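Here is the structure we will look at, set down as structure tokens.
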Amino acid sequence: MTAAAEPAAPYAGAPGQPDRGPDQDVPRIITAPATAGDRVFRGVLRLAGLSVFAIMGLIAFFLVLRGADALRIVGWSFLTERKWQTAAHNFGIAAVLPDGLLIAVIALTIAVPVALSSAIFISEYAPVRLRALLITLVDLMAAIPSIVYGLWGLFFLQPRILGLVRWMANHLGDALPFLKVRTGDVGPSYTSSTFIAGVVVSLMIIPIVTSLSREVFSQAPQGEREGAYALGSTRWGMVRTVVLPFGRGGVIGAVMLGFGRAMGETIAVALIISPSFQTITHVLENGANSIPALIALRFGESDALSLSALMAAGLVLFALTLLVNVAAGFVINRSRSGSATAD
């Protein structure tokens with residue numbers, strides 16, 4: 138006869154853990170006491186994070202304080218008035234704010250395709266030696282001062298791009314009214330326009346978007362890359378199904394950073410444009426403006442009220458940039474790079 142099997146011993150959970158039965162795993166809670174170095178490190182990180190909010194708050198407070206006199210005089214009409222006559226208490230940014238947005242949109246329209254194509258080529262197609270050289274060149278382009286871009290655009294690019302601008306106005310103006318030039322087919326009608334300013338600004342944000350996008354693309358999981366190749370994918374198929382979806386959030390962040398850079402560009406735009414206080418509806422015509430260029434061009438000759446008005450304009454630009462970044466953060470959080478991928 139065989140001995141009867143002894144009943145299984147009851148399952149005992151880890152100390153301090155409830156008894157969940159023999160068929161259920163109970164995770165072990167591992168705790169480690171924080172050392173003095175850990176506490177210092179965490180404190181420094183918290184202080185650095187909070188300092189960002191403090192600096193932003195101080196900037197906003199300064200702009201509100203210095204722009205309060207102008208806003209108190211004109212009120213909400215500051216956002217709807219198209220003139221800038223501070224002596225007559227008749228001023229606003231309704232003419233310059235949309236044009237600044239147009240310059241940024243034109244810059245993004247040109248820069249984003251070029252930057253993403255460059256980032257994909259550098260991270261996925263370029264040979265190793267050429268890749269290192271291209272990364273260095275892109276970083277050097279991002280380090281060029283804006284005044285250099287402005288001078289280059291004014292003296293080199295503008296005389297050579299007038300032929301393209303004239304062709305666009307003559308051949309595309311009928312189909313796309315915003316490309317039509319209403320002041321006649323003469324040279325000065327095509328210079329110092331919103332379009333030329335946008336082209337110059339696009340060259341300034343291409344390195345930023347390229348560098349950030351390339352860095353995100355290079356972090357795509359190697360396992361998923363190899364899996365795509367194992368399933369018979371071409372290199373472009375791998376890029377389209379693995380790299381681009383993985384880098385979606387990072388690309389959005391890079392584009393929004395470039396947009397903020399384009400909206401805040403000052404010196405290059407001020408050198409290119411012919412200042413105008415009219416709502417721009419034809420981007421190829423002479424005459425343009427933006428809030429940063431307005432502040433730069435009028436700061437030196439401003440009295441107390443004019444200076445307050447310029448500060449109020451800076452406050453609007455600050456708020457708009459903040460809203461753009463908040464919206465970008467919301468989009469990035471909903472499509473975070475690599476959130477649904479495996480390592």
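Offset between the sequence shown (1-based) and the working numbering: plus 137.
Backbone N, C-alpha and C fix where the C-beta goes; we use that ideal spot for every residue, glycine too.
Being a predicted model, the structure only gives us computed values, none of them experimental.
- Tell whether a beta-carbon distance below 8 Å holds between Ile432 and Ser283. no
- Task: For Phe436, name the three-state secondary structure that DSSP assigns.
- Result: coil
- Query: Beta-carbon separation of Ala425 and Asp276 under 8 Å?
  - Reply: no
- Task: Report the rounded CA-to-CA distance for Leu208 versus Ser348, giving the unit in angstroms.
- Result: 40 Å
- Query: In three-state terms, what does DSSP make of Ala232?
  - Reply: coil
- Item | Unbroken stretches of the alpha helix (DSSP H), 4 residues or longer, contained in the segment 344-418 | 359-367, 372-375, 385-401 and 404-409
- Query: Could you check where the alpha helix (DSSP H) with Arg219 kicks off and where it finishes?
  - Reply: Here Arg219 belongs to no alpha helix (DSSP H), and DSSP marks it neither H nor E.
- Ala391 to Leu434, Cα distance in whole Å? 29 Å
- Is the CB-CB distance between Val380 and Glu261 below 8 Å? yes
- Query: Assuming Val337 and Ile409 make a contact with CB atoms under 8 Å, what is their CB distance in whole Å?
  - Reply: 6 Å
- Have a look at Leu421, Trp289 and Gln415 and flag the residue whose alpha-carbon is nearest the alpha-carbon of Ser427. Gln415
- Which class does Asn462 belong to by DSSP, given the choice of helix, strand or coil? helix
- Asn462 to Phe396 span [Cα, whole Å]: 9 Å
- Query: In three-state terms, what does DSSP make of Ala244?
  - Reply: helix
- Item | Straight-line Cα distance separating Thr223 from Leu291 | 30 Å
- Message: Can you tell me whether Leu421 is buried or exposed? The criterion is at least 16 other CB atoms within 10 Å of its CB, across all chains shown.
- Response: buried
- Query: Just reading off the alpha helix (DSSP H) that Pro325 is part of, what are its end residues?
  - Reply: Taken as a continuous stretch (DSSP letters only), Pro325 belongs to no alpha helix (DSSP H), as it is neither H nor E.
- Query: Thinking C-alpha only, which one of Arg362, Phe315 and Leu460 is nearest Leu394?
  - Reply: Leu460
- Query: Given Ser476, which residues of its chain have a CB within under 6 Å of its CB, disregarding the five upstream and five downstream residues?
  - Reply: Model confidence at Ser476 stands at a pLDDT of 47, short of 50, so the residue's coordinates are unreliable and nothing is read from them.
- Message: Let me see if you follow: with CB-CB separation under 8 Å, is Arg176 close to chain D or not?
- Response: No chain D appears in the structure shown, which is made up of a single protein chain.
- Query: In or out: Leu313 buried (at least 16 other Cβ within 10 Å) or exposed?
  - Reply: exposed
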